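Position 252, counted from 1, in the sequence shown is what numbering that gives the first Met the number 0 calls 251; the numbers after and before it change by one each time, with no gaps.
Okay, structure first, notes after.
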Amino acid sequence: MRRVLSVASECAPLVKTGGLADVVGALPTALAAEGVQMRVLLPGYPAVTAGLGDARAVMAIDDLFGGPAQILSGQAAGLDLLVIEAPHLYARPGNPYLGPDGRDWADNPERFAALSWVAARIAADGVEGWRPQVLHGHDWQAGFMTEYLRRVNAGDVRTVMTIHNIAFTGPADPWRLNALRLDPARFHSEGYEYWGAISALKAGLIGADILTTVSPTYAEELTTPEFGMGMDGLIRHRRTDLRGILNGIDTDAWDPTADPAITPFKTGAGKRANKAALRAEMGLPEAEGPLCVIVSRMTHQKGLDLMLEALPALRAIGGQLALLGSGDPALEAAFRDAAAHDPDIAVRIGYDEAMSHRMIAGGDAILVPSRFEPCGLTQMYGLRYGTIPVVALTGGLADTVINASPAALAVRAATGIQFAPVTTDALSGALIRLGQLWQQPKVWARMQRNAMMQPVGWGESARAYAALYAELGAKA
Ligand code: ADP
Numbered sequence: 000m001r002r003v004l005s006v007a008s009e010c011a012p013l014v015k016t017g018g019l020a021d022v023v024g025a026l027p028t029a030l031a032a033e034g035v036q037m038r039v040l041l042p043g044y045p046a047v048t049a050g051l052g053d054a055r056a057v058m059a060i061d062d063l064f065g066g067p068a069q070i071l072s073g074q075a076a077g078l079d080l081l082v083i084e085a086p087h088l089y090a091r092p093g094n095p096y097l098g099p100d101g102r103d104w105a106d107n108p109e110r111f112a113a114l115s116w117v118a119a120r121i122a123a124d125g126v127e128g129w130r131p132q133v134l135h136g137h138d139w140q141a142g143f144m145t146e147y148l149r150r151v152n153a154g155d156v157r158t159v160m161t162i163h164n165i166a167f168t169g170p171a172d173p174w175r176l177n178a179l180r181l182d183p184a185r186f187h188s189e190g191y192e193y194w195g196a197i198s199a200l201k202a203g204l205i206g207a208d209i210l211t212t213v214s215p216t217y218a219e220e221l222t223t224p225e226f227g228m229g230m231d232g233l234i235r236h237r238r239t240d241l242r243g244i245l246n247g248i249d250t251d252a253w254d255p256t257a258d259p260a261i262t263p264f265k266t267g268a269g270k271r272a273n274k275a276a277l278r279a280e281m282g283l284p285e286a287e288g289p290l291c292v293i294v295s296r297m298t299h300q301k302g303l304d305l306m307l308e309a310l311p312a313l314r315a316i317g318g319q320l321a322l323l324g325s326g327d328p329a330l331e332a333a334f335r336d337a338a339a340h341d342p343d344i345a346v347r348i349g350y351d352e353a354m355s356h357r358m359i360a361g362g363d364a365i366l367v368p369s370r371f372e373p374c375g376l377t378q379m380y381g382l383r384y385g386t387i388p389v390v391a392l393t394g395g396l397a398d399t400v401i402n403a404s405p406a407a408l409a410v411r412a413a414t415g416i417q418f419a420p421v422t423t424d425a426l427s428g429a430l431i432r433l434g435q436l437w438q439q440p441k442v443w444a445r446m447q448r449n450a451m452m453q454p455v456g457w458g459e460s461a462r463a464y465a466a467l468y469a470e471l472g473a474k475a
């Protein structure tokens with residue numbers, strides 16, 4: 000068994016703010032089938048330590064960025080976890096990154112530097128006689144692990160850094176250099192300096208042996224100024240080390256035939272009860288047109304402002320909208336306002352896992368108009384539940400949906416609708432096309448069947464990660 004330590008700031012089902020947690024939580028099981036033993040290193044937020052079963056202390060650290068820490072080894076939700084118990088850093092309620100005022104905790108650079116620090120210690124010393132062969136870090140929170148590896152004797156441990164979203168660069172002011180235990184000689188443009196600040200993500204991107212991101216199209220996009228967020232030069236430089244490996248979804252948690260949150264169904268036609276239930280729950284009237292759903296963080300990235308502007312097109316095809324999400328207060332208010340003025344629009348502000356299942360099961364179509372989308376998961380949930388995805392042609396949305404072009408319809412391969420560029424006009428056009436397909440029940444049913452049959456699990460991607468670890472091992 001190849002030994003890999005996954006280093007991450009969130010992990011479903013214990014702590015989740017987005018798709019990153021789903022991926023970190025799913026990989027160990029998917030990889031076990033490929034001969035990889037993956038343990039996950041996590042910060043000990045209250046939600047994580049509470050979920051940990053019989054844990055034992057396997058390492059003690061006197062001073063982990065301002066206080067003592069213990070590393071606990073235990074199991075939760077079928078995962079093999081190493082948890083950093085460091086109350087001075089992590090014993091805070093709520094969101095892993097934000098304080099009660101909705102702002103980043105001021106010491107976030109140190110809180111996640113600590114995560115990387117412990118990863119390097121485990122790489123060097125092992126725990127319980129177990130030493131990883133590969134450290135696999137996720138996003139900026141794990142970025143400094145390669146810097147810290149330079150200071151320990153970790154022998155032949157190799158590193159992989161996965162970019163789930165390059166928009167989060169993990170910035171810190173230069174005066175923190177010492178506090179972050181970084182080598183000041185490496186604070187320059189070829190090092191971890193980024194526009195005058197320290198960037199944890201950049202540290203990972205320059206230091207890791209292999210870089211991956213979560214879809215082939217996003218890998219290409221990252222090399223361009225439009226999507227690379229100032230890191231595109233570096234990414235171009237490392238292009239041969241960058242792989243795009245598509246995320247899968249948890250096909251057990253998202254199984255329309257056995258989902259405890261819904262009325263289970265086998266075919267697209269079987270959605271009826273769920274659609275009726277969703278309409279009732281959201282207070283939407285019966286309607287002839289398609290019921291469109293959105294489950295999303297409400298941020299600029301997700302293009303929901305475009306959706307507000309495209310509502311006339313949605314209403315022109317007789318469509319309804321049900322949205323579940325939270326985020327930017329201005330967007331929340333604008334959607335609430337739209338719902339207040341139109342009985343065919345319903346909005347729930349909040350985060351609700353069970354409800355997200357009812358939304359996807361009850362919808363006819365799921366809308367994902369993101370300006371950029373490294374992979375995206377909800378369009379894949381949609382595919383699996385016969386809920387036709389209408390998506391921007393970007394990132395993983397480009398790689399997971401087969402657009403209902405004339406060619407794809409002719410060979411009966413279409414699974415959804417894609418639009419480009421990401422503008423109100425193009426989104427409106429996509430909604431008009433949705434209405435036209437909706438008017439052709441046979442074509443619609445065929446798309447639903449195709450969608451529900453499309454593989455969206457981890458199988459192929461787990462094999463790709465396992466092959467990557469094996470390749471790194473061979474080079475060691
Ligand atoms: P991102 O990671 O950028 O937020 P993804 O599509 O990769 O986008 O993953 C989002 C995940 O979070 C999905 O599992 C989605 O179902 C879930 N999600 C987002 N918003 C909500 C919400 N308001 N309630 C429940 N689940 C949500």
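The C-beta atom is built at its ideal place from N, Cα and C for all residues, glycine as well.
Source: prediction; values computed, not measured.
Between residue i and residue j, is the Cβ-Cβ spacing less than 8 Å?
i, j, result
"Gln132", "Arg2", "yes"
"Asp79", "Pro12", "no"
"Leu221", "Gly227", "yes"
"Ser115", "Gly142", "yes"
"Arg383", "Pro255", "yes"
"Ser188", "Pro170", "no"
"Gly434", "Gly302", "no"
"Met144", "Gly65", "no"
"Ser369", "Gly375", "yes"
"Ala403", "Gly415", "yes"
"Ala119", "Leu179", "no"
"Met0", "Val35", "yes"
"Leu245", "Ser460", "yes"
"Asn449", "Ala406", "no"
"Gly345", "Ala321", "What sits at residue 345 in the sequence shown is Ala, not Gly. Contact flag set, yes."
"Val47", "Leu40", "no"
"Tyr380", "Trp253", "yes"
"Ile261", "Arg185", "no"
"Gly267", "Met451", "yes"
"Met297", "Leu323", "no"
"Ile387", "Val294", "no"
"Asp53", "Asp249", "no"
"His163", "Gly18", "yes"
"Asp351", "Leu283", "no"
Buried or exposed, going by whether 16 or more other CB atoms sit within 10 Å of the CB of residue i?
i, result
"Arg238", "exposed"
"Arg102", "exposed"
"Val23", "buried"
"Lys201", "buried"
"Glu84", "buried"
"Thr216", "buried"
"Gln74", "exposed"
"Asp258", "buried"
"Gln439", "exposed"
"Asn177", "exposed"
"Glu287", "exposed"
"Lys274", "buried"
"Arg38", "buried"
"His137", "buried"
"Trp457", "buried"
"Arg150", "exposed"
"Ala90", "exposed"
"His135", "buried"
"Trp194", "exposed"
Going by C-alpha to C-alpha distance, which of the options sits closest to residue i?
i, options, result
"Ser8", "Ile431, Ser198, Ala59, Leu81", "Leu81"
"Asn94", "Leu210, Arg335, Ala429, Cys10", "Cys10"
"Ala153", "Tyr44, Arg130, Thr161, Gln378", "Arg130"
"Tyr464", "Gly52, Asp21, Leu30", "Leu30"
"Thr212", "Arg432, Asp398, Glu285, Ile365", "Asp398"
"Ala337", "Leu310, Gly98, Tyr147", "Leu310"
"Met160", "Pro173, Val151, Gln140", "Gln140"
"Val410", "Asp343, Met297, His87, Arg445", "Arg445"
"Thr223", "Gln438, Pro67, Phe371", "Phe371"
"Val390", "Leu366, Gly472, Thr250, Thr377", "Leu366"
"Asp327", "Asp304, Lys265, Ala312, His340", "Asp304"
"Ala469", "Thr158, Asp124, Asp61", "Thr158"
"Ile316", "Leu241, Asp240, Ala364, Asp155", "Ala364"
"Arg242", "Ile348, His236, Phe264, Ser214", "Ser214"
"Val421", "Tyr350, Arg335, Glu308", "Glu308"
"Lys265", "Val14, Gln69, Gln447, Leu392", "Gln447"
- Item | Contained beta strand (DSSP E) runs [length at least 3] in the region 249-327, N- to C-terminal order | Counting only runs of 3 or more, we get 290-297, 319-326.
- In chain order, which continuous runs of the beta strand (DSSP E) of length 3 or greater are located wholly inside the region 81-169? As far as the region 81-169 is concerned, its whole beta strand (DSSP E) runs of at least 3 residues are 133-137, 157-162.
- Query: Which full runs of the beta strand (DSSP E) of 3+ residues lie inside the region 403-455, going along the chain?
  - Reply: Fully enclosed beta strand (DSSP E) runs of 3 or longer: 416-418.
- Return the chain-ordered ranges of every beta strand (DSSP E) run that is complete within the region 329-408 and spans a minimum of 3 residues. When DSSP assignments are scanned along the region 329-408, the uninterrupted stretches of beta strand (DSSP E) that are 3 or more residues long and fall wholly within it turn out to be 344-348, 364-367, 387-391.
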